[in-house]
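Per my numbering: the sequence shown = residues 330 to 738.
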Amino acid sequence: MAADLSAIPVKPSGREQLLAWVLWPALFGVSTLLFLSESATIRPSHAALTYLLVVVGATAGGRQPLGLLLVLASYAAFHFGIMPPYMASHYFGEFDWLILVAYGTVAFAISELVSRWRREVERANQRAYEVERLAAERERLLLEAQHAEALREADRLKGALLASVSHDLRTPLTAIKALAGRPGGLTSHDARVIEGEADRLGRLLDAVLDWSRIQGGALPSRVEFNTADDLLDAARRAAEPAMGGRSVVVRIEGDGVLAGQFDLVLSVRIVSNLLENAGKYAPEASSVELWAAREDDERLVIGVRDQGPGLPAEERDRVFEPFARGRSVLPDSPGVGLGLAIAREFARAQGGDLVYIAPPGGGAEFRLLLPLARTSGEHRRVTPANARAAGAPATPAGRVAQDTEPANA
């Protein structure tokens, strides 16, 4: 943040100069009266040093004219009142004149030096003011550039959203309209198609609303104690309809209860989304791995790995960008490219993250990183009520390690 430019003193204000013109002459007058009252005991050197200090202060506070005026006044005070014989300059000897000339020269030189110093300070302050002004201007321009870039990015995302949504809306609406206009009424198959397309529209609208809440900073999260058993079981059941007969191998590593501090609803949506994506690209006869493990006694890791083609190297850096749909996406695959972007924001909203791993043996693996629970006193099992809230059918909570079964069973 730029400094307050108004706080930089460039030159003394009129009030400061007026104060200097009152203060230093008054101090000079008081000093002179004191010296005159004690003229019998005062030494000229004491008076000279006092006057020099007054001249320096006057020059620094009120500029050179005041300093020169006090040089002349102090010279006159020496001439007529401090150095004897008083009020009689024609009795001065050559040495006395030499002292007065030396004093006047020193006082004038000091006044000139202080005045130069003051001018240098003012120039330095002026340069500092210019530097601060340029820095503030640069910061303003940077903020404007960032704002303009944000507007361009928002405009780009808006265009991408409109293009994606319009395409994904047109397909189900066309199917629904065609079936609704078919003569002879609707068959049970037609009703199922309409229901599926309506669900597709609902998922599309949910994705757009979720992204809108994320962009607006209004994404609620309820982080609390939950077990990996409950999360994996609820996510597996929520993704069953999209797996197309592929089996899901569930594995929980380690002994005892593996638990974390996370929002169960958001985490179930993340993992079920990863399972649904794996179901799109994994071969039909293959299985999808769903596992949980503890990492460094700090994080709970939930992994989803498929045996599909994986992501090309050039697309891995963009996999979590909104509306990013690479060449590997199936042509008839529904969605607007927000699923992984929303999933990562869901993870970060509860203190975690979502990352992509390219397994050595091929395929794709996504890992959800969540805070690991350190205490067991807050253990809360999933009930049928909160399982349904998480988007999964109610199921008894239990350990599912080494559980291998078709997802649509």
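All C-beta atoms in this analysis are idealised placements derived from N, C-alpha and C, irrespective of residue type, glycine included.
Could you please give me the residues that DSSP links to residue i through a beta bridge?
{"i": "Leu480", "result": "In the DSSP output, where bridge partners are listed per residue, Leu480 has none listed."}
{"i": "Leu697", "result": "Ile631, Leu683"}
{"i": "Leu538", "result": "Its beta-bridge partners do not exist; DSSP assigns none."}
{"i": "Ile581", "result": "Ala621"}
Please tell me whether residue i and residue j are closer than 7 Å, where the distance is taken between their beta carbons.
{"i": "Leu697", "j": "Ala670", "result": "no"}
{"i": "Gly637", "j": "Ala611", "result": "yes"}
{"i": "Ser596", "j": "Ala567", "result": "no"}
{"i": "Val633", "j": "Ala614", "result": "no"}
{"i": "Val383", "j": "Phe357", "result": "yes"}
{"i": "Val750", "j": "Val385", "result": "Limits of the chain in this structure are 330 at one end and 738 at the other, which puts residue 750 out of reach."}
{"i": "Gly681", "j": "Leu667", "result": "no"}
{"i": "Leu619", "j": "Val577", "result": "yes"}
{"i": "Leu629", "j": "Gly589", "result": "yes"}
{"i": "Ala504", "j": "Glu473", "result": "no"}
{"i": "Leu397", "j": "Ser440", "result": "yes"}
{"i": "Ala387", "j": "Leu401", "result": "no"}
{"i": "Ser550", "j": "Gln455", "result": "no"}
{"i": "Phe554", "j": "Ala687", "result": "no"}
{"i": "Ile523", "j": "Leu502", "result": "no"}
{"i": "Ala642", "j": "Ile581", "result": "no"}
{"i": "Leu395", "j": "Trp446", "result": "no"}
{"i": "Asp635", "j": "Val648", "result": "no"}
{"i": "Ala571", "j": "Glu605", "result": "yes"}
{"i": "Ala369", "j": "Ile411", "result": "no"}
{"i": "Tyr380", "j": "Ser403", "result": "yes"}
{"i": "Leu533", "j": "Arg542", "result": "no"}
{"i": "Val579", "j": "Leu561", "result": "yes"}
If you run the structure through DSSP and keep just helix, strand and coil, what is residue i?
{"i": "Thr556", "result": "strand"}
{"i": "Val711", "result": "The predicted model places Val711 with a pLDDT of 39, which falls under 50 and marks its position as unreliable; any figure quoted below should be read in that light. It is coil, neither helix nor strand."}
{"i": "Ala588", "result": "strand"}
{"i": "Ser374", "result": "helix"}
{"i": "Ala716", "result": "With a pLDDT of 38 at Ala716, under the threshold of 50, the predicted position of this residue should be treated as unreliable, though the coordinate-derived value follows. Ala716: helix per DSSP, three-state reduction."}
{"i": "Asp646", "result": "helix"}
{"i": "Arg551", "result": "coil"}
{"i": "Pro641", "result": "coil"}
{"i": "Ala779", "result": "Residue 779 is absent from the structure shown; the chain starts at 330 and stops at 738."}
{"i": "Ser418", "result": "Reliability fails at Ser418, whose pLDDT of 49 lies under 50, so the model's placement of it is uncertain and no value is given."}
{"i": "Ala464", "result": "helix"}
{"i": "Leu442", "result": "helix"}
{"i": "Ala453", "result": "helix"}
{"i": "Phe437", "result": "helix"}
{"i": "Gly386", "result": "helix"}
{"i": "Ala336", "result": "Legend: pLDDT at Ala336 = 45, less than 50; position of this residue unreliable, value from coordinates given subsequently. It is helical."}
{"i": "Leu470", "result": "helix"}
{"i": "Ala567", "result": "helix"}
{"i": "Leu381", "result": "helix"}
{"i": "Ala507", "result": "helix"}
{"i": "Phe652", "result": "coil"}
{"i": "Gln475", "result": "helix"}
{"i": "Gly691", "result": "coil"}
{"i": "Gly410", "result": "helix"}
{"i": "Asp528", "result": "helix"}
{"i": "Asp562", "result": "helix"}
{"i": "Leu427", "result": "helix"}
{"i": "Asp519", "result": "helix"}
Looking at the unbroken beta strand (DSSP E) that takes in residue i, where does it start and where does it end?
{"i": "Gly358", "result": "No beta strand (DSSP E) holds Gly358; the alpha helix (DSSP H) holding it covers 343-366."}
{"i": "Gly668", "result": "Premise fails: Gly668 lies in the alpha helix (DSSP H), 668-678, not in any beta strand (DSSP E)."}
Identify the continuous alpha helix (DSSP H) that holds residue i and give its terminal residues.
{"i": "Pro394", "result": "393-406"}
{"i": "Arg598", "result": "593-610"}
Is residue i near the ligand COA, in the sense that its beta carbon is under 6 Å from a heavy atom of that ligand?
{"i": "Ala479", "result": "Ligands in the displayed structure: none, and consequently the ligand COA is not present."}
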